[in-house]
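In the order they appear, the protein sequences are chains A and B. Our numbering applies: residue 1 is where the first sequence begins, and numbers increase by one. Our numbering applies: residue 1 is where the second sequence begins, and numbers increase by one. Data block below; observations after.
There are 2 protein chains.
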Amino acid sequence: MCEASAYVIDGENQELIMEAVDSVEPEDGGYKLINIFGEQKFVKGTIHSLSLVDHKVYLKKS
Amino acid sequence: MCEASAYVIDGENQELIMEAVDSVEPEDGGYKLINIFGEQKFVKGTIHSLSLVDHKVYLKKS
Numbered sequence: 001m002c003e004a005s006a007y008v009i010d011g012e013n014q015e016l017i018m019e020a021v022d023s024v025e026p027e028d029g030g031y032k033l034i035n036i037f038g039e040q041k042f043v044k045g046t047i048h049s050l051s052l053v054d055h056k057v058y059l060k061k062s
Numbered sequence: 001m002c003e004a005s006a007y008v009i010d011g012e013n014q015e016l017i018m019e020a021v022d023s024v025e026p027e028d029g030g031y032k033l034i035n036i037f038g039e040q041k042f043v044k045g046t047i048h049s050l051s052l053v054d055h056k057v058y059l060k061k062s
C-alpha cells in the first residue's frame, strides 16, 4: 500500500496531521484528506510538495 | 516503491506526463517533478489532487 503521511508546514516546523492518507481532493479553498480508514480531515491551504518514495505529503496553510 | 504516475488534467481529459514520480517541488509558479530515474519535468500550474493508493498525482495547468 502506498498511502502517505500528511504534514502541514508552518515556518521551520512540520506538523503531522494524518497518517495513511489515500486521497487528497480540492474543496472550498483547501483540500480534503481521506485516509485508508475512511477518516477525513480538511486543510485550508495548498499542497506544497510531495515526496512519494518517503510516503510524505506536505501542505501549507493559507 | 511508492512512486506515482503524474497526469495533467485538461477539461475532461487526463494526459500522462511522467511515470515513476518521486518528488514534486514548488518552483516558479509551478511544480518540478522528478522521477526515480532522475528525470525532471516542469509543469506551470497547481497540484489538483492525489490518489496515492492508485499511485496517481493530478496536476492542473494554470
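Glycine included, C-beta positions come from ideal geometry on N, C-alpha and C.
Beta-carbon gap between residue i and residue j smaller than 7 Å
i                     : j                     : result
residue 30 of chain B : residue 43 of chain B : yes
residue 24 of chain A : residue 3 of chain A  : no
residue 41 of chain B : residue 9 of chain B  : no
residue 47 of chain B : residue 47 of chain A : yes
residue 57 of chain A : residue 6 of chain A  : yes
residue 62 of chain A : residue 38 of chain A : no
Beta carbon proximity, residue i to chain A, threshold 7 Å
i                     : result
residue 24 of chain B : yes
residue 8 of chain B  : no
residue 4 of chain B  : yes
Helix, strand or coil at residue i according to DSSP, with G and I counted as helix
i                     : result
residue 62 of chain B : coil
residue 50 of chain B : strand
residue 18 of chain A : strand
residue 29 of chain A : coil
residue 41 of chain B : strand
residue 36 of chain A : coil
Residues of the segment 34 to 52 of chain B with Cβ closer than 9 Å to any Cβ of chain A, in chain order: 36, 46, 47, 48, 49, 50, 51 and 52
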